[in-house]
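To start, the structure itself, in structure tokens.
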Amino acid sequence: MSFAELQKKARQEWDELQNGDIPQIIVGTATCGRSAGAMAVIKAFEDALKEKGVQAVIVEVGCIGPCYAEPLVNIAKPGKAVIAYRNVTKAMAAELVDSYLIGDDPLPHYTLGTIGEKTVEGIPRILDTPSFKPQERRVFRNCGIIDPTNINHYLANEGYAGLNKALGMTQEAVVDEMKRSGLRGRGGGGFPAGRKWEAGLKAKGSQKYVVCNADEGDPGAFMDRAVIEGDPHSVIEGMIIAGYAIGADTGYIYVRAEYPLAIRRLERAIKQAHEKGFLGKNILGTDFSFDINIFPGAGAFVCGESTALTLSIEGKRGMPRVAPRPRTTEAGLYDKPTLLNNVKTFSSAPMIITRGAEWFASVGTEKSTGTAIFALTGKVNNCGLIEVPMGITLREIIFDIGGGIADGGKFKAVQTGGPSGGCLPEALLDTPIDYDSLDAAGSIMGSGGMVVMDEKTCMVDVARYFLDFTEIESCGQCVPCRLGTKQLLDILKDICKGKGKKKDLELLVELSHSVHGGSVCGLGQTAANPVLSTIRYFRDEYEAHINDKCCPAKVCKPLIAFHILEDKCAGCTLCARSCPVSAISGEKKKVHVIDQKLCVQCGVCMEKCPKKFSAVECVSPKEKIMEVA
Amino acid sequence: MSSVTITIDGIKISAEEGMTVLQAAQANGLYIPNLCNHPDLRPAGLCRVCVVKQDDWKITISCKLPVKEGMVISTEDPAVQQIRKNTVELLIANHPMTCLTCEADSKCELQRVAHYVGITPDSINRYRRSVRSIPLDTSNPFFDIDHNKCIMCGICVRTCDELQNINAIDYAQRGVASLISTLGNKPIAESRCESCGECVVRCPVAALATKKSLQPMREVRSICSYCGVGCGIHLGVRGDKIVGVRGDQENPVNRGSLCVKGRFGYRFINHPERLTTPLVKKDGVLVEASWDEALDRIVEKFSEHKGEKFAALASARITNEDNYLIQKFTRAVMGTNNIDHCARL
Amino acid sequence: MTNSISEISGAATILAIGTNTTQAHPVLALQVKKAARNGANLIVANPKDIDLCRHATIHLQQRPGTDVALLMGMIRVIVDEGLTDKDFVKTRCEGYDELIASLVDFDLDSVEKITSVPKEEIARAARLYATNGPASILYCMGITQHSHGTDNVWAISNLALLTGNLGKASAGVNPLRGQNNVQGSCDMGCLPDVYTGYQKVENPDCRKKFEAAWGVSLSPKQGLTHSEIFDQIHDGTIKSLYLIGENPVLSEANASHAIEAMEHMDFLVVQDIFLTETAKMADVVLPAATFAEKNGTFTNTERRIQRVRQAIPQVGEAKADWQIVCEMAKRLGAKGFDFNEPEEIMAEIASLTPSYAGIGYPALEKSGIQWPCPEPGHPGTPMLHVGKFPTVSGKARLMPLSFRDSVELPDAEYPLLLTTDRSLFHYHTGSMTRRVAGLEQLDSEEFLKINPKDAAELGLGDREMVQITSRRGQTTVKTKLTRICPPGLVSMTFHFAESPTNVLTSSALDPVAKIPETKVCAVRVEKV
């Protein structure tokens, strides 16, 4: 069957679904949805439909991003706008079947908004909400819209059109299109993708490989998983185009073994692509042949580093190769020319080819075109995956899309780029999001983690937290990373314990620079970023810890103390009864006292003390208790 | 191979194309501190101690940097010094301070590098000390493994891989818990290790150290007495005993390599069961005798059995000179060609 | 070896046949592994799945004792496919037509049947060897310890000659000599048919030369070989045996025969460093010095004569072997044994031996010399047969061959085939290595290596004590279940007196080399 015929058939199927007479219940069942209970919600819908004798199709789709609203269900009634419901429960499912499918009440208080052009009175269009308005959904174009297990859904939505078009172009033209798009590698390094493809094309050798890095290891980053789970074919199509462009016949997807659903989706998608003739011998009737293997990752963070990743595929220990070394495009997997890109980079390729480089570059900044995806987490109201045009400011992301700081707190810092990123203070909130601006500010784009912190966060503790991660995940081969992160961590731990020495700050900075300058790979070179950026912007907090034994955010337990304010304590005994170490004594209706020798600073007493009394106070440094007393 | 000229710290030196900067420096007698480099092995670039500044621009490691015409290298750039010093300090902060009782004392590369970068008590005391306390692996009869002294240079791993192709050890674990390990982290004696000791010889510290070894007072060049390969050895002598064997780097046969028997199988020489006097059979029992008594007995019998009644079996284990005389004795004195030896076994 | 050890790593193809190199010649094996690592084709021909197979391009797992068929099969492929070095064959070889004629029996179907190696593999190996030069052949006792060992060597020689792999670097026919000075003791004429440097006893000119030098008249008759000596001791013909540094109780094939012989003989002198199993049977035991206690030379497998130097005083009253012989000769009234230093002995050797003529201790000082070294100042000969062979015609003989099976093959009574091998940690009968506590710790007992399939059929578990019996004797040993041995084949070393393997082995001899067939005999294994 020709591509046009395949596409036509797929569109028919899609159109029938969209414009049919049967309502659709579209449930996000990516890993995020599932962990929020989506599968139980589906069961509840099925039961209710059966019980009430209502006809409707349940479609499983990927994730559209708003984690805070999971499980997310869209209901499309024939002729009506698609309505998105947030935090759907089993009870709500039954209620929705009754009220909206049988009746005609869309239950606006459950909704997130409407999707598409049509509107419903009393429900906003999702794209008009502050949370979505600044977003630009490109990589996520199909996530949450199509059934990822149905290749026809993908085909009906421009799927494989890029490949079809590319196969009609020369390899050079494909590479040129990629270059002109200005797409930069979405794995974090930001190396121009087109130039990498060009190097892959120019590399000498009859055997070349295309490798997709889906070893998403940064804590809190899960956008690659969302793309694979929600739109696996976009990655596969991108890899096939890349294979064609550089002259490779084999591709590998190195995907985290901890992503079983993503692996299943990929396996299924690869099988379907074979059936339709997009993979295998003589793709779409051309001389070009290409196949893709899935390689479940070895479970090490460092395997996300490209050279460690290729070694891991070879069955060796995943350790970054030591520079000076040939580029991966010259000698990568099995020492053959290898084009290695991130999931989102490959996923971007089909639309660049289909819609053209100019279209792609129409959003973003001059040097960072297209969109960026972030996993927005921490102390913001709206956590989740967001896709925004490059150039948007941190402030817009946190306060518009993120809905501001949770619990009415005050912004303190935002950490971008995962464990190797940096922490930026309020003064830098207007920094535009692009590779170069973040770099200049002392952070990185990285894989797209974005952790928002409020004033209850201790910045020394934050640095300690990230170093704890990099120390454990260092591959251990080079001294500066293996022992440098360990030393940095030990010093940070000491500072958090009040054992910091005057010279520690100087040593932290000195060592951080040596770890940066001396380490073998990017992971080591950036490992000290959290230390350097927190010292740079929050030096006073370090000094307070070291000089005054004070944790201003009142986080570091050895530096804080809890005590009960005599004039406020009503003697309700709640605190004494909750204290896990029985450190609180006092009779009913009388003022209670915390025995500092027994107290473990767990803070339960403060939590338990009724708001109307607010009799427990946390102080730092500990000596302050004496002053109060 | 064409030759190129590079400059290291203002000194112009010539080097062969294909050499690394470190090799070029060493070939010209210039010391660039390093720990994980070994002339027999491919450069690994892991210790980061050989860091230099290239062309006043790039901080890089010299052990993997190929020389290029006109290249200008600085080993004393402040940034280079800082990284190098911190790196060595980090190693020392994680290393036991037991130099005096250490097998590697005075030949320890970490000591050498520490002296070169100028480690002082003050600079070290800034650090948090964290020496590991992994139990010694004493399972091998010839050498011990002390992970606490290991600096993870990987020379042992590369020796076992690149030179011996045995691959008994490799890196295991991650981060600061990383260690050189056998498969499944079993004791080395339960691994596929062949005890050749090539890693022990190359260990720059004493993470791998020969068991209870006496330092020789002098060495004598000789040839291994086991198989027909004929490896050159240095016999370590102390008093009237052989206390060790070292491969002869200059010998064209083995270039310093030895196997387990050659390196460690010397204790038969001073074994208490050595025959120290002639023995003569009396009433069916072998008893100690003087040389005169033994030889008289032999002369008596051999005189009776000259010619075809006599045979000698010489040995493939003794010297040419010994063997020559035995066949000469058989032919010229005993009058027979009944001389053979164990060549066929 | 026709070529040098250091050349091995430069070979484009290596055929390692009948050599368990990593165990028996570990340091030389480094060169083989280095070559394989650098991309050389390594063809391992061995009935067992030995360690070297890990590095091999092809493993030809021939049935023991079928090497002639395997090699002639390879030759057949090379000839049929026109892969011979025609120029080399024409200018440097003779007997081509006779060889070709003898190839009729070696069509690959027949060869596959004999060797049980798939014919495609044989053809692949042949092509690799013939078309990727220089190609080096390494072989060891797996080739020679057969009743047709000489034929095996001829077959190897044929293969190398037809492809022009002699007289050039990193090629050659390279027997790996087992003992430190086995090359030297042959060179020194410790053989019944030759004086030093392989000068024939039966050649009157040679004899005259030695008679003149030694001032005696010499027997023109060839002497007896090792196994013939034991036969004649058995018969009572030989009354006195002077045995130096050898332990036939453990090392001799069909050892019971040798033991019996020695028990009955009139006078046995054993000269050794330890009271070996054999020494215990002697009438007189003489304490010898080890290599560390004397000066001298060893000649290694690549013909390199190297200096051994005295490092410590002789232990107790032990003396160097040469000193003992001199003393003995003098007491028997002989002349020509007045040597003060081994260096003087070497001077006499050089004066009588053309290939050693240029050898003297000063010249050996740096790194030894590889013979032939025809005159002082000559640098030695790392590579033999460059341009010319040392034959009358100057050409090498191609030898027509036919296949003969081993003398004793498994049958209903003795259903398994036993072959012998060596452990990395022990040497020969273990008189030295078993006295090194560390080596003993690493490897302390004999095992019968047996395929799990055979073991299952016999109801045997791992490390189970069994009795192993051949037509000549029996011993007990523990099993080690391993896939190194294919089904039907069992294997033992002969390092351990507790389980003397050579009471089992066959003393069937090669008719030319008189070497016993210790690599093939039939045995039965039973639970104890």
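Chains as they are written, first to last, in the working numbering: chain A, 1 to 629; chain B, 1 to 345; chain C, 1 to 528.
Backbone N, C-alpha and C define an ideal beta-carbon position, used for all residues, glycine too.
What you are looking at is a predicted structure, and each value in this text was computed from that prediction instead of being measured.
Boundaries cannot be given for residue 392 (chain C), as no alpha helix (DSSP H) includes it and DSSP labels it neither H nor E.
Separation of residue 289 (chain C) and residue 191 (chain B) (C-alpha to C-alpha, rounded to the nearest whole angstrom) is 36 Å. Listed along the chain, the chain B residues whose CB falls inside 7 Å of the CB of residue 177 (chain C) are 228. The distance from the Cβ of residue 143 (chain B) to that of residue 210 (chain B) is about 5 Å, consistent with a contact at the 8 Å cut-off. Among the CB atoms of chain A, none fall inside 9 Å of the CB of residue 149 (chain B). Residue 109 (chain A) sits in a helix when the DSSP states are folded into three classes. DSSP, reduced to helix, strand and coil, places residue 99 (chain B) within a helical segment of the structure shown. One thing to note: residue 616 (chain A) has its Cβ within 9 Å of the Cβ of residue 606 (chain A). Less than 9 Å divides the Cβ of residue 216 (chain C) from the Cβ of residue 333 (chain B).
Contact with chain B is absent for residue 519 (chain C), since none of that chain's Cβ atoms lies less than 9 Å from the residue's Cβ.
In the three-state reduction of the DSSP assignment, residue 502 (chain C) falls in the helix class. Rounded to whole angstroms, the gap between the alpha carbons of residue 85 (chain B) and residue 45 (chain C) is 54 Å.
Residues of chain B whose Cβ lies closer than 9 Å to the Cβ of residue 475 (chain A) are, in chain order, 171, 174, 175 and 178. For residue 71 (chain C), the enclosing alpha helix (DSSP H) covers residues 67–80.
Excluding five sequence positions before and after residue 273 (chain B), none of the CB atoms of its chain fall closer than 7 Å to its own CB.
Taking 8 Å as the upper bound for CB-CB distance, residue 298 (chain C) and residue 184 (chain C) are in contact here, some 6 Å apart. Taking 9 Å as the cut-off between beta carbons, the residues of the region 283–294 of chain C near chain B are 283, 284, 285, 286, 287, 288, 290, 291, 292, 293 and 294, in sequence order. For residue 27 (chain C), the secondary structure class from DSSP, reduced to helix, strand or coil, is helix. Legend: CB atoms of the region 71–89 of chain B lying less than 7 Å from CB atoms of chain A belong to residues 79, 82, 83, 86 and 87. For the region 473–501 of chain A, the set of positions with a beta-carbon nearer than 9 Å to some beta-carbon of chain B reads 473, 474, 475, 476, 477, 478, 479, 480, 481, 482, 483, 484, 485, 486, 487, 489, 490, 491, 493, 494 and 501 in chain order. Taking a C-beta distance under 9 Å as the contact criterion, residue 31 (chain C) and residue 47 (chain C) do not qualify as a contact pair. For residue 105 (chain B), the closest alpha carbon among the candidates B:295, B:159, B:227 and B:205 is that of B:205. 211, 218, 219, 220, 221, 222, 223, 224, 225, 226, 227, 228, 229, 230, 231, 232, 235, 236, 237, 239, 240 and 241: these are the residues of the region 209–241 of chain B whose beta carbon lies less than 9 Å from some beta carbon of chain C, given in chain order.
With 16 or more neighbouring CB atoms inside 10 Å of its own CB, residue 434 (chain A) falls in the buried class. Nearest to residue 467 (chain C) by alpha-carbon distance, out of C:459, C:477, C:460 and C:461, is C:477. Taking the Cα positions, residue 300 (chain A) is about 15 Å away from residue 468 (chain A). Check the Cα spacing between residue 52 (chain C) and each of C:528, C:14, C:340 and C:244: the tightest is with C:14. The continuous beta strand (DSSP E) containing residue 412 (chain A) extends over residues 411–416. Taking 9 Å as the cut-off, the Cβ atoms of residue 129 (chain C) and residue 78 (chain C) count as close. Counting C-beta pairs closer than 8 Å gives fewer than three between the region 304–323 of chain A and the region 102–114 of chain A, which falls short of the contact rule.
Contact check for residue 515 (chain C) against residue 145 (chain C) passes: the beta carbons are separated by less than 9 Å.
Interface with chain B (9 Å Cβ-Cβ cutoff): residue 505 (chain A) is excluded.
At a cut-off of 9 Å between C-beta atoms, residue 511 (chain A) counts as an interface residue with respect to chain B.
In the same chain as residue 247 (chain C), and ignoring 5 residues on each side of it, the C-beta atoms closer than 7 Å to its own belong to 276, 277, 278, 429 and 431, in chain order. In the three-state reduction of the DSSP assignment, residue 422 (chain A) falls in the strand class, which pools E and B. Following the DSSP letters along the chain, one finds residue 209 (chain C) inside the alpha helix (DSSP H) bounded by residues 204–214.
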